[in-house]
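Colleague: According to full-length UniProt numbering, the stretch in the sequence shown is residues 1 to 132, in order.
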Amino acid sequence: MSEHVSGEFVIDEWKAEDPYDDDGGTHLGHVTLTKTFSGALVGTSEVHMIGAQNPETGTGAYVAIERVHGDLNGRAGSFVLQHTATASPDEQSAKVTVVPGTGTNELAGLTGEFVITRHEDGSHTYTFDYEV
Numbered sequence: 001m002s003e004h005v006s007g008e009f010v011i012d013e014w015k016a017e018d019p020y021d022d023d024g025g026t027h028l029g030h031v032t033l034t035k036t037f038s039g040a041l042v043g044t045s046e047v048h049m050i051g052a053q054n055p056e057t058g059t060g061a062y063v064a065i066e067r068v069h070g071d072l073n074g075r076a077g078s079f080v081l082q083h084t085a086t087a088s089p090d091e092q093s094a095k096v097t098v099v100p101g102t103g104t105n106e107l108a109g110l111t112g113e114f115v116i117t118r119h120e121d122g123s124h125t126y127t128f129d130y131e132v
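#1: What residues match up with Tyr62 in a beta bridge as DSSP calls it?
#2: Between the C-alpha atoms of Ala40 and Phe9, what's the straight-line distance to the nearest angstrom?
#3: Excluding five sequence neighbours on each side, which residues of the same chain lie with their C-beta closer than 6 angstroms to the C-beta of Thr102?
#4: Reducing DSSP to helix, strand and coil, say where Asp90 ends up.
#5: Just to confirm before moving on: does the CB-CB distance between Glu11 and Lys35 stay below 7 angstroms?
#6: Smallest Cα separation from Pro19: which of Gln53, Val5 and Gly7?
#7: Taking the alpha carbon of Thr117 as the point to measure from, which residue in Met1, Ser93, Glu13 and Asn105 has its own alpha carbon closest?
#8: Could you tell me the alpha carbon to alpha carbon distance between Leu33 and Trp14, rounded to whole angstroms?
#9: Between the Cα of Gly24 and those of Ala108, Ala16, Thr59 and Ala76, spot the shortest distance and give me the residue it belongs to.
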């Protein structure tokens, strides 16, 4: 049975390394960040992100892997999210999905899509459509 839940998260720590490539004004770099979730998902995560950003053109993209540990609607365990996103001055797109087979304990078999919204005040909310 499919579930639809929501909540919010805060970024606790953001560690950006110096860009490892800067050819043509496009910066390639690695960021490690940690989050704390509330709402239907209560827990923490660590994210490893690799991004490309061109400040002159306002374009960029990132890919990331995120390990989440917590409680999802009363089910304890962990799972991995895969992020992929692109941005230009005119549009943004992002997709965040559960990596199949990564759910542990009561979250074994978890599948789904996670949607992140960043608000003007800098806060973040999420919706999560999933099945266990």
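Even glycine gets a Cβ: it sits at the ideal position worked out from N, Cα and C.
Quantities reported herein were computed from a predicted structural model and do not represent experimental measurements.
Modeller: On the basis of the supplied data:
#1: Looking up residue 62 in the sequence shown gives position 62. In DSSP, Tyr62 forms a bridge with Gly51 and Ala85.
#2: As a first step, residue 40 is located in the sequence shown; it is residue number 40 there, counting from the start. As a first step, residue 9 is located in the sequence shown; it is residue number 9 there, counting from the start. Each residue's CA atom was taken as its position, placing Ala40 and Phe9 some 11 angstroms apart.
#3: Here residue 102 refers to the residue found at position 102 when the sequence shown is read from its first residue. Excluding positions up to five away in sequence, the list reads Phe79 and Val80.
#4: The residue given as residue 90 occupies position 90 in the sequence shown. In the structure shown, the three-state DSSP call for Asp90 is coil.
#5: The residue given as residue 11 occupies position 11 in the sequence shown. The residue given as residue 35 occupies position 35 in the sequence shown. Position check: residue 11 holds Ile in this sequence, whereas Glu was assumed. Yes. Within cutoff.
#6: Taking the sequence shown and counting its residues from 1, the one referred to as residue 19 is at position 19. Residue Gln53 holds the alpha-carbon nearest to the alpha-carbon of Pro19 among Gln53, Val5 and Gly7.
#7: By one-based count along the sequence shown, residue 117 stands at place 117. Closest in C-alpha terms to Thr117, from the list Met1, Ser93, Glu13 and Asn105, comes Ser93.
#8: The residue given as residue 33 occupies position 33 in the sequence shown. The residue given as residue 14 occupies position 14 in the sequence shown. Taking the Cα positions, Leu33 is about 4 angstroms away from Trp14.
#9: Numbered from 1 along the sequence shown, position 24 holds the residue referred to as residue 24. The residue from Ala108, Ala16, Thr59 and Ala76 with its alpha-carbon nearest to that of Gly24 is Thr59.
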